[in-house]
Structure formats: structure tokens, C-alpha cells
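Each protein sequence line maps, in turn, to chains Y and X. For what it's worth, full-length UniProt numbering labels the leading residue of the first sequence as 1, then goes sequentially. For what it's worth, full-length UniProt numbering labels the leading residue of the second sequence as 1, then goes sequentially. C-beta atoms are modelled at their ideal positions from N, C-alpha and C, and glycine is treated no differently. Just so it is clear, the structure is predicted and the values come from calculations on it, not from any experiment.
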Amino acid sequence: MQRKVLLLATTASLGLCAAAAWAEDSSDPIIIPIHNWSSQIVMSNVIGQIFESLGDSVEYVPTDSQAVYEAIRLGDVTFEPEVWEGAYGASFTAAVEKGGIHDVATHDAVTREDWWYPMWTKEACPGLPDWQALNECAALFVTPETGDKGRFLGGPVDWLKHDQEKVDALGMNFVVVNAGSAAALWAEISAAEEQQKPIVVFNWTPNFAEAVWPGEFVEFPAWEAGCDTDPSVGPLPDKTYDCGNPANGYLKIAAWDGMPEKWPAAYAVLQQVNFTNAQIAEMAKMVDVDGMEPEDAATAWLEANEDVWRPWVE
Amino acid sequence: MTAGQARVAWGLVALAAALVMLRESLPSGLVRPPEWMVLPFADWINAAFAFLRDDLGLMTLTRAFSDVMEACLDVTANLLYGKNRWPHLGPIPWSVIAVSAGMVGFALGGWRLAALAGGTFVWIAVMGQWQWAMETLSVILVATPFSVALGLGFGVLAWRSQAFERLLNPILNIAQSMPHFAYMIPVVVFIGVGPKAAAIVTIIFSVPPMIRMTLLGLRKVPPEVVESGKMSGATRWQLLTRVRIPTARTDILIGVNQVVMQCLAMVVLASFIGMPGLGQKLLQLLQALKIGLSIEIGITIVLLAVMLDRLSKAWAMKQPVHHMPGVRWIERHRLLLIWLGLVALTSALAWLHPYFIEVERKQALSMAGPVDASMKVFIRAMTPVTEWLRWFLITWVLIPLRDAFLWLPFAAVLLLLAGIGWAVGGRRSALVCLAFFLPIAMSGWWDRAMITVYMVCVSVLVAVLIGVPAGLWGAARPVRAARLLFLCDTFQTFPSFIYLIPVVMLFGVNDVAVVASVVVFATVPIIRYTIEGILGVPPEIVEASSMSGATRGQIMRHVQLPLALPTMMVGANQSVMFSLFMVIIAAFIGTQDLGQEMQRALSSTDVGKGLVLGFAVAFMGLMVDHLILRWSDGRHRSLGF
């Protein structure tokens, strides 16, 4: 710990001088939220350790990933390094409208969330990833609770993914069953892996599942703006939701409105922070596959990727 | 039950049956609550909260309170895991804490408790969970004294003023039957997220039993003791602090024990709003399907609970020692000196080698690998059975039952409940049942509520089918009973979230998985109270019946079971409560009931909706509670004890 701080302090001293030249950061700790998926935790620790190297004090608080936007608005939490368009776009936009929180920067990483299957499914249904081929294989996905239709295991209902609308619009032989949490989704995939049973679930990238279970997204008719509201957009002239989800959703950084004033130097760095899909997947892998602790993974990442983050500080 | 009572009750049930028969031709207003009946409770609550927060400025008050809380949390956080805060002393090395805990155990209950207390901390340290466990304990250490003080204060007030007690009683009832998530939403609004919010939620959740036990203890103080206090010229304050509370010591300390247990029960749930440490880590590990590691954390939580439970019980039972005058200071404080010596020794060790300050994750032992592997083997071996069970239960039991519950006209359900109420406790109970269930219909969540009811009914039924035979089997021999009760305790303290994942792996995301996870919890009280009920049957009666030539089976059927039934019904009551709590948590598997909506309300911090759903669940529990209490009261009276 000591050694790490020292290392960072020396490498970042340049940045500190530059920052100190125009403003002094508050000595109050910067509060960073931690959620229950590993890439976010590692990223939080990476940014936190960079801030510590600037001389700021940092604290990590476990927080619900939806409730966090309310907390940022009130200044209880300082910023959120991973705002997913698909999952949290609505909460974030709602919070922005209420005031107190703003959009700091957008990562290069793109997010995608859609129907997904692990590779062994493809062996049973070789026409994949085309959605029509999937529809013809529907019988492979039948479960007792879905009768003679295939089961699509969706995410929690409050993620609002419109899977049912998609099934209706495209006339698919599937029933949407909603899992209650991401953990339930993983548990199902892991159980299916044991028996090499075909399964199609809701999934997203970047996350750790890609490293554990190689798989692909189902290719629906490509997303076009308005496909969800205007029936004429998309392949079917009289249907809404007759398309897949956007394949390149944003991943943003959001911060409390009081941050630029209170910690100007840290805020200046935060504006520069930018991760790619590969970097995020790597961070998740260090924890979920290699079994490192998030703090150690962050330190290791910083040591290995100095060329990436040094420019942000300078 | 009088003849008149039975007639009314049957009449109501018959009316309900008639409504069910005629369902197809009923006006829609009797099938589902008509629109004029559904009131926007959630909006009213939200308006009230907005008023409290914005116009009355309650926010400043709660924030001030939470600042006090935070100051306390900072101190424990610094001491236990070295957070950079005043007094800048920590972290205390694990070896020092372990020997201190061992010493406390020894002082309270001899070698066995010393081994348990010290051993728990050694386990935590060598498994590499020190930091997490200390983060958790830093919150519990603050929450517990606050809870105890608040509970003591409210308990004394309720004991002094009858009016206050009448006001407090229903609040306590509802507080104890409301699902945890419902509390959390207002706390997020008023306090925010983080350890302080977690501490406050924990306090709110753990205060009620303390109030109850204080009240009970003060009531039980014999008048002679008070009289002798008065004769010695004690003032009212002295009478309370020097006479009444010390006399009620045992009950009050049982209350403390309850507070500690409730605090530990919140470790995982409170991490949804910022409790750091074990709970947070557990959820993270489950998210990555690391079952082995999460079971290790579960064991730590159970060990902490068992240790704190035994320690506080030993404290409650231990009577204060009064030394004879003239005993030297060293003799009076022998244990203190030994403790100081041990602390010095371990501190020296810690200074010599960092292993004794904190065991790093890399050095930690772990049994996660074998656990994960055996879990895999188990699931693979069970697959043929679970596949069939899943198919059978879904197609032949659960889906038809669920459809039936949803098909019932709501008017028929209300009439049926009123009928049951009337049969159990006359007009008053019928009205109580309606008062609890009608608001659920008026809340607009009828369908979801019926799904919750259906899952609780199925789970409790399965729990009874498993629990009663298991309890009877256990009660046959005292050793067996003790082992079974220990198993029950363990299952109950084990964090419920861990069950959710294996259950999904076994059954998939569906109602079978939900029912299976709920049954684990619902069975525990049934087994426990069956054992206690059977063991509580007076031996003379068993003796007498065996002398009159009854076989073992006859004794069981005609003597033991009827006499144990009131106690067993208390178990059924608790089983319903546990099921309600667990069904809400099972929303994380995937349900379409009140729990799912509650989860949604938490993530969108919708106070009104969350509380309405919370009340709906609480009312279901309270209704069952009322019915069972009335029934067993009547039963007790007719049995003559």
C-alpha cells in the first residue's frame, strides 16, 4: 500500500504541480460508489488511486446502482464512473432533469445489450446468430413453464428491455421469462453449461461473462432511431420494436455539480478519464477469473498501463 | 366456538363459495376491486414525505443525526480497520482482538466460550476476511448501543405511560412485520447511502425487540423489591436506575441479545444501501457465481452471530459478583491483568511480524475450490431428479394453483377471510381480518398480492410436510433434538442470499426455485416449535397415558400432538412471517409478486410505492398473526393451562 502510493505520488507529481497552480482541492474525501459488478469496482479503484496520487483523500461506498444517481444529486456520492446507456440511462436522465448531476465525459467503450447465447447453443442450432434461425430452433429452448414455446431468459423487469414487445412484433415462438437479478442469469448459464443445454439469455458487453463463457449476440434487424416508437421504421411497416437494441450504447461518467468547485484538480483528471471495451473486460477478468482483489487489481492495472493513464494526469 | 359463531362463519364461507361458483356471471366489480375503490396511497405518502422533507425541513434534522452517527462510525472504523480518521490509532491487530475476545468469553463463560470467541476471530483472520469483517463490525458496534439505548428509553416510556404504550404497540407490530426493503427507501431519501444509512436502517430494524423486552422486564419486577427500594428512601429516578432496571436485568439483556442478532441479520440486506464489509462482498461474489467464497463469508456471519449470541446470553445469565471487603485489588482484577498481559504479548508479535496485524488475501486459507467442486458434483447428480420435479411441480401443482389464486374473485377472498376470522374469534376477528386485507385490495396491487399469498401458502404447506415429521423424529431423543435445533439455528442465520444461486442452478428461474428457497426458511420454525411443543408436554400426562395402555402411536396422536399443537401453531405463525420476508428477497430469482415491485421501488427510490407494498406484506403477516394468536389462546383455555 505504502509503496504503491509512493510510486503513484512520484509519477503523478507533475500533475499535482500543474493542478496546484490553479486551485486547491478540498481535503474532504471524494466519495466513490461501488456496485456489485467487478469492472465498475476496479475502475472506481483505479480512478480513486489516481486521485490519491494527486493528494486527494478518497472513500469507497457500496451503493445500489440505480439509487446512486439520487445520491450523486445530493452530493452524498461524488461521481459515477460507469453510466450504462441501456441499464441506467433512464435513471441518469431523470436525475439530470432534477438537477445536481451532470455528464462529465463519455468513454470510448461502447455498450451493447441484447439476446445472447453461449457457444454450445450454436452447435444445436447452427443457423445462429440470425434471429430467424433462432426462431426456427425455438423447440430447443422449451421449458415446463413455457409450454411449447422456447424460453428467453430476460433481465430483471425494471431494466425495461422491451423483450416482450420484440417477441410480439417479430412474431417469435418465444416466451420471455424475467430473472430477478444478474446473478440469477449467470446461475442459469452455469447450470446450462453443465449439461451443454442450449440457452438464450439477456446479456451485455463489456462484462465478465464473455471471459467465462464465450458467446455471441443474436443478430436482429439492425437498430434504427425511432424503431421503438414509429411503426414505419424497421423491416415491418406496422410494428414497433421490430429491431435489435442499439449495438453501440454509450458509457458515460457522471458527477455531482459541486465537484468541479470542490475538487478542481480531481475533476480535471476525471474529464480526461477514458476506457475502452478491452480495458474494461481486462479489469473484470482480473477479479472474476484471476481471483484478485479489486484494490490489488487496480494497482496492478495502474502499474501495467502507465502509458494509458499518465496523459490524463498531465 | 359457540353455535351462533359457527353459523355466521359457515354462512360467510358459503357466501364466498357461491361467489366462486358464479364467478363467470359476476359483475367485474366483485372480481377485481373497482376503480373507485383503489386509492392512490402511494401519492399521498409521497406528498407527506415531500412535505416533511421540504417544508418542515426534517431533512436538516435527519442529516444532523446522521452526522452524529458518522462521527461514531469514523471512530470504530479507525480502530477496527484503520480508516484515516480521528483518533488515528488503528487498525488494532487481529491477534489483539482475538485474544481480547477470547478473554471476554472466558470471563463470561469459561473455556468453551473463550475458544468460541477467540476461534471466531482467528477463523476470520486466517480466511483473509479481516478487513471485510471489521468493516461490518464497525457499523454493528455503533448500531447496537444506539439500539439498546433507544429501546431502553422507549421501553421505560411505554412502561410509564399507558397511552404511549397504546400508541407504540401497533407501530412495533407493523415495524416487525414490514419487509426490510420497505424501510430502506425512506432512509435513502432522508439520510442518503453509505455506512451511516446502513447503521440507521439496522437500528430501526433492531429496536423493536429491545423495547418489548424492556417493557416485559420492568413489568415483571416484583412489588416487594420496589417496596424495599422505597423504604430505603430512593427517589423515582433512583428507583428506576438502581432498583427496577437492575432487577429486570435478565430480560433487558435478552433484549440486547435480540438486538445483536437482528443487527447481524441486516448485514447483507443493508449492503444494498451502503453497509460495507461482509454483506457487500457476499453480493459481489454471488454476482460472479463464486459460491465457495460466499459460503466462507456465510460461515463467518454465522460464527459471529453464534459467538455474539452465546456471549450476550452468558452475560444475561451471569449474576454480578460482589467481592468481600478486604480482597486485594490484584485478586479482584486478576482477569484484567491477564488480559493486559496477553494484549502486550500479541502486540509485540504484531510488531515483530505483519502476519499478526492483518493476514493478506494472498496468504489466506480458502476452501472455496473443494466447495465449488462438490457443489458441481451435487448439482450434476441431482439434475435428473430436479428436472423431473421441476416439470411435475410446474405443470401439475404450481401453475394451476397460481391461476386458481388469480382466478378467485376478490370479494370471495375477503368473505372467506372474514368467515375464518369469525370462526376463530367472532365478529371482532372477522373485522380485524377485513381491516388488514381490504387495504391491500384498495392499494391496487391485488394480483401481485395474490401471487405472494400463493407462494407463501405453498411454501408453508411444504414446510409443514417436511418440518412436522422432522420435528417429531427429532423430539424422540434429546441428543437428536439438540442437534436438529443447532442445524435450525445455522440455517436461519446463514445469509439467505446464498441459497438463491444454488436453487436457480438446480431448478432454473421459475416458481419452483422461489418456493424451494422459501421452504428452507419456512421449515426452520416449524421444526423448532414442533420439538419444543412435544418436549413441553408434561411427562406425567405421557406417563399416565402409557399406563392406561396406549401404544406409542396412540400417545403421539391422541396425547402429545394435541397438547403440542398450540406451540406448533406459534411455529406456523413464524413460518408465515419468514416466508413473507423470504418471498420478497426471492424477487432476486425472478417473481411477479409484491417483492418484484418492492425491488423496483428501491431502485427508483419511490418511497410511497415502497411503503404501500411494505404495508401490504405487513398486513398479511399481521392478519395471520392475529388469527393464530386468537386460536391458540382459545385452545389454551380449553386445555386448561
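- Annotation: X:P354 is outside any beta strand (DSSP E) and is labelled neither H nor E by DSSP.
- Judged by beta-carbon spacing, X:V559 lies beyond the 8 Å limit of X:Y529, meaning their Cβ atoms are not closer than that value.
- In this structure, DSSP gives Y:A124 a helical state, which the three-state scheme calls helix.
- For a cut-off of 8 Å, the C-beta gap from Y:N45 to Y:A298 is around 3 Å, short enough to register as a contact.
- Membership of X:F164 in the alpha helix (DSSP H) is indicated by the continuous run 162–177.
- Chain-ordered listing is empty here: chain X has no CB closer than 9 Å to the CB of Y:T78, the nearest sitting near 12 Å.
- Distance from the CA atom of X:S459 to the CA atom of Y:P129, rounded to whole angstroms, is 40 Å.
- According to DSSP, Y:G154 shares a beta bridge with Y:N178.
- By the beta-carbon neighbour count (other beta carbons within 10 angstroms, threshold 16), X:P40 is exposed.
- Nearest C-alpha to X:L342 among X:L56, X:G590, X:G102, X:G11: X:G102.
- Of all residues in the segment 235–255 of chain Y, none comes within less than 7 Å of chain X when Cβ atoms are compared.
- Contact between the segment 201–213 of chain X and the segment 631–640 of chain X is absent: fewer than 3 CB-CB pairs across the two stretches fall below 8 Å.
- From the listed residues Y:T240, Y:D158, Y:P206, Y:E295, the smallest Cα separation to Y:Y250 is found for Y:P206.
- For X:I526, there is no enclosing beta strand (DSSP E); the enclosing alpha helix (DSSP H) has its first and last residue at 511–535.
- In terms of beta-carbon proximity, X:S603 lines the interface with chain Y, with at least one pair separated by less than 8 Å.
- Rounded to whole angstroms, X:R212 and X:L398 show a C-alpha spacing of 39 Å.
- Using a Cβ distance threshold of 8 Å, Y:V218 and Y:Y117 count as a contacting pair.
- Straight across, the Cα-Cα distance linking X:V462 with X:A314 is about 36 Å.
- CA-to-CA, the gap between X:L487 and Y:F208 works out to about 36 Å.
- Residue environment analysis places X:R332 among the exposed positions, since fewer than 16 neighbouring C-beta atoms fall within 10 angstroms of its C-beta.
- For X:T62, the enclosing alpha helix (DSSP H) stretches over residues 58–81.
- Proximity to X:L116 across X:I185, X:L308, X:R244 peaks at X:L308, based on C-alpha coordinates.
- Apart from sequence neighbours up to five positions away, the residues of its chain that approach X:L172 with a beta-carbon distance below 6 Å are P208, ordered along the chain.
- The three-state secondary structure of X:R380, taken from DSSP, is helix.
- With a contact defined as Cβ atoms closer than 8 Å, X:V187 and X:F49 miss out at about 12 Å.
- Around the beta carbon of X:L365, fewer than 16 other beta carbons sit within 10 angstroms, so the residue counts as exposed.
- Using a Cβ-Cβ cut-off of 8 Å, Y:V61 counts as an interface residue toward chain X, since at least one Cβ of chain X sits closer than that to its own.
- Boundaries for Y:D103: no alpha helix (DSSP H) harbours it, while the beta strand (DSSP E) harbouring it runs 101–106, taken from the DSSP string.
- Excluding five sequence positions before and after X:A143, the CB atoms of its chain that fall closer than 6 Å to its own CB belong to A199, T202, I203, C263, given in chain order.
- With distances taken between CA atoms, Y:N274 lies nearest to Y:V104 out of Y:V104, Y:I72, Y:S91, Y:E85.
- Per the C-alpha coordinates, the member of X:W391, X:L304, X:M266 positioned closest to X:G105 is X:L304.
- Inside the segment 275–306 of chain Y, DSSP marks whole alpha helix (DSSP H) runs of 4 or more residues at positions 277–288, 294–304, from first to last along the chain.
- One finds G180 in chain Y with Cβ atoms closer than 7 Å to the Cβ of X:T591, taken in chain order.
- If you look at X:T214, you'll find it in the alpha helix (DSSP H) that goes 195–220.
- The beta-carbon of X:T202 is placed no less than 8 Å from the nearest beta-carbon of chain Y.
- Under the three-state reduction of DSSP output, Y:W223 falls in the coil class, being neither helix nor strand.
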